[in-house]
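Student: In the order they appear, the protein sequences are chains A, B and C. When we follow numbering that gives the first Met the number 0, the leftmost residue of the first sequence carries the number 0, and every step to the right adds one. When we follow numbering that gives the first Met the number 0, the leftmost residue of the second sequence carries the number 0, and every step to the right adds one. When we follow numbering that gives the first Met the number 0, the leftmost residue of the third sequence carries the number 0, and every step to the right adds one. Each residue gets a CB set at the ideal place from its N, CA and C atoms; glycine is no exception.
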Amino acid sequence: MTKLTELTLCEARDGLVNKQFSAQELTQAHIEKIEETRALNAYITETPDIALKMAQASDEKLAKKEELRPLEGLPIGIKDLFCTKDIRTTAASKILDDYKPQYESTVTQNLWDAGAVLLGKLNLDEFAMGSSNLTSAYGPVISPWKIEGNDRQFVPGGSSGGSVAAVAAGSALATTGTDTGGSIRQPAAFAGIVGLKPTYGRCSRYGIVAFASSLDQAGPLTKDVRDAALMLKIMASHDPKDATSATIPVPDFEKLLSGNISKLKIGIPKEYRVEGLNPEIDALWAQGIEWLKSAGAEIQEISLPHTKYALPTYYILAPAEASSNLARYDGVRFGLRVPGQTLDELYELTRAEGFGKEVKRRIMIGTYVLSAGYYDAYYLKAQKIRRLIQQDFEEAFKKVDVILTPTTPTAAFAIGEEPKDPVTMYMNDVLTVPANLAGIPGLSVPASFTKEGLPLGLQILGPAFEEGRILNVGYVLEQAAQFKEKALKLRTST
Amino acid sequence: MSEKNNYIQGKTGPWEVVIGLEVHAQITSKAKLFSGASTVFGGDPNTQVSFIDAGFPGMLPLINNFCVEQAIKTGFGLNAQINKISIFDRKNYFYADLPQGYQISQHLYPIVGKGYLEIELEDGTVKRINITRLHLEQDAGKSIHDQHPNKSYIDLNRSGIALMEIVSEPDIRSVEEAQAYIKKLRGLLRYLGTCDGNMEQGSLRADVNVSLRRPGEDYGTRAEIKNVNSVRFMGQAITYEIQRQMEILENGGQIDQETRLFDASKGITRSMRNKENAHDYRYFPDPDLPPLVLSDEEIERIRALLPELPDAKKARFIRDYQLSAYDAGVLSSELETVSYFETALKHLKEANEKSIKQLANWIIGELFAALNRDSLLIEASKVSPQSLAELINFIYEGTISGRLAKDIFTEMWETGEHPDKIINAKGLVQVSDEGEIATVIEKILNENQDKVMEYQSGKDKLFGFFVGQVMKVMQGKGNPTIINKVLLEKLKS
Amino acid sequence: MTIDINTVHKISRLARIKIPETEVESLKGDLNRILGWIEQLSEVNTDNVQPLYNISLENMPRREDQINDGNYSNAILANAPEAEFGMFVVPKVVE
């Protein structure tokens with residue numbers, strides 16, 4: 000029998016229903032895996048006692064054959080950006096200190112209502128700002144991936160580094176992440192798992208520590224596409240407490256995985272062939288095109304003319320919103336307080352000590368671009384270019400049904416070998432950021448490996464609210480790529 | 000509309016004061032602008048605070064429909080343009096009573112645009128004060144600074160309460176105009192029910208912008224006096240500020256563009272210390288809130304439900320009841336006064352120009368005097384509108400004399416009794432019987448023969464003496480008209 | 000647009016973050032690097048383009064005027080670094 004921690008979410012669901020094992024056994028296996036893989040530093044807070052209690056309640060339901068909830072007894076991890084009631088929530092920052100929210104986020108409430116079991120809160124880049132999980136105040140996350148014969152440690156990507164590491168290492172059946180500029184898709188690609196960023200508004204933002212409100216979106220990190228479809232169905236909902244929450248109904252995404260993409264039009268955007276695109280990734284892209292052609296899809300070159308302006312646009316809008324969203328971390332009502340003689344001193348010292356370097360940098364940029372005299376030149380300009388980028392996609396989707404691109408320009412880099420220049424680091428998101436600006440959904444599917452054996456992912460983008468369509472294309476790619484089977488031969492864990 | 004000259008004579012020549020008011024009016028909603036916490040005044044600290052109001056991580060705003068409607072209603076009352084699309088912006092600054100580190104307000108696209116308010120001045124002129132805009136915004140919490148030598152305490156009950164900010168053009172040119180404006184605005188808001196106008200409790204506060212200039216020249220630098228919370232203080236603050244600025248300018252100095260506070264105990268304004276006078280609020284549209292789009296249907300529905308507004312009511316009182324502009328203005332200024340007047344009107348036996356004029360005089364005269372004396376609002380009047388109408392009926396019919404009516408009113412006020420009870424109990428019915436009066440007159444004339452002869456030889460003034468004597472005997476109940484008539488007849492003969 | 004040390008100080012003041020003197024230079028460098036890179040946006044002609052204020056397709060949803068929240072001061076103060084008499088405590092502010 001497959002080890003319990005190597006099952007997919009759907010396999011585990013079936014296993015429980017068929018009484019092959021109990022929920023408590025399943026959870027216990029994962030608790031042990033967490034201990035085994037602790038050196039990866041994927042978890043900031045582990046909640047084994049709570050997990051076992053929840054699993055026990057699920058076992059009782061399973062025994063009574065009561066109407067089973069969709070995620071009954073399935074152990075998952077939650078990115079430490081989602082507020083969980085009475086459970087420490089840090090956003091990987093010192094400034095939240097030992098903060099225990101007195102309320103639950105809507106997305107996590109949806110998961111508990113569906114019967115899921117909480118294993119713990121997962122590590123991330125501080126306040127979700129980063130592409131490497133190196134900026135966490137709780138130490139970096141180490142990718143479970145290694146190169147054979149080499150003990151360099153690699154980054155899992157970010158900001159949802161802990162979320163992907165846990166899934167890849169088997170210390171959670173699935174996890175939640177958030178994606179503001181690529182923070183689900185990029186680390187999913189680095190860690191060889193599936194990551195889905197839904198359409199903006201598909202999942203509620205209520206109770207998620209806000210980074211950039213017009214870009215943030217919660218989504219699942221999973222071992223395969225079917226799992227992602229199942230997780231999204233539960234995570235997504237219309238939330239009256241979130242004024243930006245979509246009212247459009249949530250379909251059963253699993254049912255939309257037909258595997259049939261005959262005559263589907265796949266767009267290949269020429270502008271995504273960025274300068275310095277790794278030849279292995281270029282080859283993967285070509286391979287992806289072939290796989291989809293073989294499945295009956297039609298390939299078409301398209302143009303998204305404003306692509307190169309997406310990253311700089313993002314680096315005006317996201318820091319601007321963040322500078323305002325993070326003003327509430329001031330040492331007055333919760334979190335860290337560094338005492339001061341005056342109120343202003345209290346603010347300045349608390350925030351200086353509580354925020355890490357990257358967060359401070361982004362707050363400063365954001366404050367600057369909004370400040371008097373610069374609003375028009377920067378913020379307003381960026382909002383206009385954002386509209387142009389959105390229009391690029393709208394035009395493209397009149398001609399094609401989905402868009403295929405690589406997820407990242409490179410594979411994961413080693414810890415210690417990360418780019419020191421902030422702009423070069425930002426380049427990690429060049430292929431993922433446009434989707435956030437346009438608000439459209441994006442899926443990353445692990446597709447291949449570098450020569451050295453590190454994962455590479457392909458990205459599928461679709462029109463707003465067409466997660467079902469991109470999941471289906473991802474499903475086809477997944478079958479063709481056979482990544483998991485190949486990975487079994489390659490992967491090592493610590 | 001005449002342009003009155005309000006120039007202030009300084010040592011070096013005339014100055015004109017230019018005043019603009021920014022009024023913050025708390026909306027009468029039960030819950031806050033973006034959260035479901037209560038807005039009741041005076042609750043225990045931090046009990047009327049939701050996680051949203053306290054700015055906790057992950058919290059999101061959701062707008063209160065009632066507040067939107069009150070802003071639209073007020074816009075109509077100000078004869079203003081209702082903007083179908085408006086946007087909420089974040090106004091970013093740090094202060095302990097601002098938990099989110101920003102206030103949700105409206106910057107470039109407010110819900111209500113240009114309008115006006117007409118004010119009546121004492122000399123009878125009407126002046127139009129233009130309104131620039133009205134927008135919705137959150138109130139901040141409360142900081143208590145005077146309970147401890149080195150600590151301040153923060154209560155967030157007020158944080159997030161809905162405010163309408165109403166901005167006037169700098170059209171105001173005197174203390175009288177400023178006070179007339181704030182009183183008219185307060186009356187309008189109370190009329191519409193969108194704000195209770197209670198300045199002591201802080202549900203209506205004004206920021207007063209004051210500057211001086213030489214007549215005909217460009218506007219001078221202005222100082223802003225924040226949070227003035229009474230009409231009287233407004234007058235004092237402006238008066239002081241005019242003097243302060245005039246002194247500086249006449250000595251060749253410059254006015255600092257700054258924020259000042261009015262110190263009621265000393266009657267002065269002083270500069271706010273340690274406040275960055277030029278705030279950089281870094282306004283940007285709040286990404287948590289889509290644009291507010293008003294439908295035509297919604298706007299029309301609210302327009303249809305508007306009560307008759309004060310100016311229209313005043314015009315109708317003049318037209319239908321032939322009241323003077325002044326009387327009509329006073330009677331229509333507050334809803335509660337209108338209610339009293341209209342109820343009393345219904346109980347007049349005969350409602351014509353004369354009796355209505357009498358009613359108006361009694362309300363504006365005796366009733367208001369009694370209310371002021373006892374510090375009562377008209378809703379708590381000790382004489383009900385029905386009772387007052389009954390009294391007027393008696394006067395109008397001639398049952399009692401106008402002089403006695405005042406005493407009867409006082410008795411009504413003190414005892415709460417109906418006028419007819421008092422009149423009968425005290426036997427105060429006016430005597431109009433000619434015969435009875437003639438008898439009394441004859442008696443008086445007989446007892447004062449010498450005076451009669453003096454009168455007949457030309458001392459006309461003695462007529463009043465006779466009238467007084469007759470009234471004394473008749474205990475004030477004599478009908479003056481009849482007394483005069485009969486007395487004149489008797490004295491001639 | 001390059002920023003100088005004074006601007007760095009001004010921004011850190013606006014953002015209420017104390018930057019130690021030793022870090023100001025390097026922060027200035029980072030900020031200028033990022034701002035220099037952002038400059039390329041001025042290449043784009045946006046003359047007739049409306050800004051995208053809101054990515055959400057929704058009209059502003061509204062809540063009813065009902066009191067259905069608050070009244071849990073314990074929860075509000077539960078994480079307070081310093082509280083007294085049911086209120087948050089901060090160093091005294093002089094106005």
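(1) With distances taken between CB atoms, is the gap from residue 135 (chain A) to residue 173 (chain A) smaller than 8 Å?
(2) Does residue 371 (chain B) come within less than 8 Å of chain A when only Cβ atoms are used?
(3) Which term fits residue 220 (chain A), buried or exposed, when burial requires 16 or more other beta carbons within 10 angstroms of its beta carbon?
(4) In the region 377 to 409 of chain B, which residue ranges form an unbroken alpha helix (DSSP H) of at least 4 residues, counting only runs that do not cross its ends?
(5) So within the region 96 to 134 of chain A, which uninterrupted beta strand (DSSP E) runs reach at least 3 residues, ignoring any that extend past its ends?
(6) How would you call residue 236 (chain A), buried or exposed, if buried means at least 16 neighbouring beta carbons within 10 angstroms?
(7) Comparing the C-beta of residue 207 (chain A) with each C-beta of chain B, is any distance below 8 Å?
(8) Report yes if the CB atom of residue 475 (chain A) is closer than 8 Å to the CB atom of residue 294 (chain A), and no otherwise.
(9) Which residues of the region 293 to 312 of chain B have a Cβ closer than 7 Å to any Cβ of chain A? Give them in chain order.
(10) Within 8 Å (strictly less), CB to CB, does residue 14 (chain C) reach chain A?
(11) Expressed to the nearest angstrom, what Euclidean distance is found between the alpha-carbon atoms of residue 14 (chain C) and residue 232 (chain B)?
(12) With the cut-off set at 8 Å, would you say residue 123 (chain A) and residue 160 (chain A) are in Cβ contact?
(13) Which residues bound the beta strand (DSSP E) around residue 234 (chain A)?
(14) Does DSSP put residue 43 (chain C) in a helix, a strand or coil?
(15) Would you say residue 33 (chain C) reaches chain B, if we count a Cβ-Cβ gap shorter than 8 Å as a contact?
(16) Keeping to the same chain, check which residues put their C-beta closer than 8 Å to that of residue 79 (chain A); ignore five residues upstream and five downstream.
(17) With distance defined between alpha-carbon atoms, name the residue in B:206, B:190 and B:128 nearest to residue 164 (chain B).
(18) What are the start and end residues of the alpha helix (DSSP H) that includes residue 58 (chain A)?
(19) Bridge partners of residue 78 (chain A), per DSSP?
(20) Is the Cβ-Cβ distance between residue 184 (chain A) and residue 365 (chain A) less than 8 Å?
(21) With DSSP as the reference, please indicate the residues paired to residue 89 (chain B) in a beta bridge.
(22) At what residue ranges does the region 5 to 61 of chain C contain a whole run of the alpha helix (DSSP H), taking only runs of 4 or more?
(23) Of the residues that make up the region 54 to 85 of chain B, which ones have a beta carbon closer than 7 Å to any beta carbon in chain C?
(24) Work out the CA separation of residue 381 (chain A) and residue 317 (chain A) for me, nearest whole Å.
(25) Could you tell me the boundaries of the alpha helix (DSSP H) in which residue 69 (chain B) lies?
(26) Check whether the Cβ of residue 377 (chain A) lies closer than 8 Å to any Cβ atom in chain B.
(27) What residues from chain B crowd round residue 69 (chain C), counting only those whose CB sits closer than 8 Å?
(28) Please work out which residues of its chain come closer than 6 Å, Cβ to Cβ, to residue 8 (chain B), disregarding the five sequence neighbours upstream and downstream, and give them in chain order.
(29) If you drop the 5 nearest sequence neighbours on each side, which residues of the same chain put their C-beta closer than 8 Å to that of residue 274 (chain B)?
(30) Which residues in chain C sit within 9 Å of residue 354 (chain A), going by Cβ to Cβ distance?
(31) With DSSP collapsed to three states, give me the class of residue 72 (chain A).
(32) Does any CB atom of chain C fall closer than 8 Å to the CB of residue 408 (chain A)?
(33) Given this structure, state the Cα-to-Cα distance separating residue 29 (chain B) from residue 67 (chain B), to the nearest angstrom.
(34) Which residue spans inside the region 256 to 336 of chain A form an unbroken beta strand (DSSP E) run of at least 3?
(35) Report the neighbours of residue 87 (chain C) on chain A: residues whose CB is nearer than 8 Å to its CB, in chain order.
(36) By how many angstroms is the C-alpha of residue 347 (chain A) removed from the C-alpha of residue 149 (chain B)?
Tutor: So, from the data block:
(1) Here the question's residue 135 (chain A) lines up with position 136 in the first sequence. Here the question's residue 173 (chain A) lines up with position 174 in the first sequence. For residue 135 (chain A) and residue 173 (chain A), no; Cβs fall outside 8 Å.
(2) Taking the first residue of the second sequence as 1, we reach residue 371 (chain B) at position 372. Not closer than 8 Å to any Cβ of chain A, the Cβ of residue 371 (chain B) fails to qualify, so no.
(3) Here residue 220 (chain A) refers to the residue found at position 221 when the first sequence is read from its first residue. Its Cβ being crowded by 16 or more others within 10 Å, residue 220 (chain A) is buried.
(4) Counting only unbroken stretches of 4 or more residues, the alpha helix (DSSP H) elements lying wholly within the region 377 to 409 of chain B are 384 to 396, in sequence order.
(5) Here the runs fully enclosed are 116 to 121.
(6) Numbered from 1 along the first sequence, position 237 holds the residue referred to as residue 236 (chain A). Buried.
(7) Translated into the one-based positions of the first sequence, residue 207 (chain A) becomes position 208. Answer yes: the Cβ-Cβ gap between residue 207 (chain A) and chain B drops below 8 Å somewhere.
(8) As a working note, residue 475 (chain A) is residue 476 in the first sequence. As a working note, residue 294 (chain A) is residue 295 in the first sequence. Yes, the pair counts as a contact, with Cβ atoms nearer than the cut-off.
(9) none
(10) Counting from one through the third sequence, the residue named residue 14 (chain C) turns up at place 15. Output row for residue 14 (chain C): interface = yes.
(11) Translated into the one-based positions of the third sequence, residue 14 (chain C) becomes position 15. Translated into the one-based positions of the second sequence, residue 232 (chain B) becomes position 233. Rounded to whole angstroms, residue 14 (chain C) to residue 232 (chain B) spans 36 Å at the Cα level.
(12) Within the first sequence, numbered from 1, the residue matching residue 123 (chain A) stands at position 124. Within the first sequence, numbered from 1, the residue matching residue 160 (chain A) stands at position 161. Yes. Within cutoff.
(13) Taking the first sequence and counting its residues from 1, one reaches residue 234 (chain A) at position 235. Where residue 234 (chain A) is concerned, there is no enclosing beta strand (DSSP E), although the alpha helix (DSSP H) it sits in stretches over 224 to 234.
(14) Translated into the one-based positions of the third sequence, residue 43 (chain C) becomes position 44. Three-state DSSP puts residue 43 (chain C) in coil, outside helix and strand.
(15) Indexing the third sequence from 1 puts residue 33 (chain C) at position 34. For residue 33 (chain C), the answer is no, since every Cβ of chain B falls outside 8 Å of its Cβ.
(16) Position 80 of the first sequence, counting from 1, holds the residue named residue 79 (chain A). Correct list, in chain order: 43, 44, 88, 89, 90, 91, 120, 121, 122, 123 and 161.
(17) Reading the second sequence from its first residue, position 165 is the one you call residue 164 (chain B). Ranking B:206, B:190 and B:128 by CA distance to the CA of residue 164 (chain B) puts B:206 first.
(18) Position 59 of the first sequence, counting from 1, holds the residue named residue 58 (chain A). Residues 47 to 62.
(19) Position 79 of the first sequence holds residue 78 (chain A). According to DSSP, which records beta bridges pairwise, residue 78 (chain A) is partnered with A:121.
(20) The sequence position of residue 184 (chain A) within the first sequence is 185, counting from 1. The sequence position of residue 365 (chain A) within the first sequence is 366, counting from 1. It is not a contact, given that the beta carbons lie outside the stated cut-off.
(21) Within the second sequence, the letter at position 90 stands for residue 89 (chain B). Looking at the DSSP assignment, residue 89 (chain B) forms a beta bridge with B:103 and B:283.
(22) Fully enclosed alpha helix (DSSP H) runs of 4 or longer: 20 to 37.
(23) 61, 62, 63, 64, 65 and 67
(24) Taking the first sequence and counting its residues from 1, one reaches residue 317 (chain A) at position 318. Taking the first sequence and counting its residues from 1, one reaches residue 381 (chain A) at position 382. Cα to Cα, residue 317 (chain A) sits roughly 10 Å from residue 381 (chain A).
(25) The count along the second sequence starts at 1 and reaches residue 69 (chain B) at position 70. Taken as a continuous stretch (DSSP letters only), the alpha helix (DSSP H) holding residue 69 (chain B) covers 64 to 76.
(26) Taking the first sequence and counting its residues from 1, the one referred to as residue 377 (chain A) is at position 378. For residue 377 (chain A), the answer is no, since every Cβ of chain B falls outside 8 Å of its Cβ.
(27) Position 70 of the third sequence, counted from the start, is the residue given in the question as residue 69 (chain C). The answer, in chain order, is 34, 35, 36, 37, 46, 47, 48, 49 and 52.
(28) The residue you call residue 8 (chain B) lines up with position 9 of the second sequence. Excluding positions up to five away in sequence, the list is empty.
(29) Counted from its first residue, the second sequence places residue 274 (chain B) at position 275. Residue placement at residue 274 (chain B) is flagged as unreliable, the pLDDT there being 49, under the threshold of 50; the coordinate-derived value follows with that caveat. Once the five neighbours on either side are set aside, the close Cβ partners of residue 274 (chain B) are 258.
(30) If you number the first sequence from 1, residue 354 (chain A) lands on position 355. What residue 354 (chain A) touches in chain C: 16.
(31) For the purposes of this step, residue 72 (chain A) is identified with residue 73 of the first sequence, where counting begins at 1. The answer is coil: DSSP assigns residue 72 (chain A) none of H, G, I, E or B.
(32) As a first step, residue 408 (chain A) must be located in the first sequence, where it is residue number 409. False, the Cβ-Cβ gap to chain C never drops below 8 Å.
(33) Reading the second sequence from its first residue, position 30 is the one you call residue 29 (chain B). Reading the second sequence from its first residue, position 68 is the one you call residue 67 (chain B). Computed Cα separation, rounded: 13 Å.
(34) 264 to 268 and 297 to 301
(35) What you label residue 87 (chain C) is simply residue 88 of the third sequence in a count that begins at 1. Within chain A, the residues near residue 87 (chain C) are 331 and 332.
(36) Counted from its first residue, the second sequence places residue 149 (chain B) at position 150. Counted from its first residue, the first sequence places residue 347 (chain A) at position 348. Using only the alpha carbons, I get a separation of about 19 Å.
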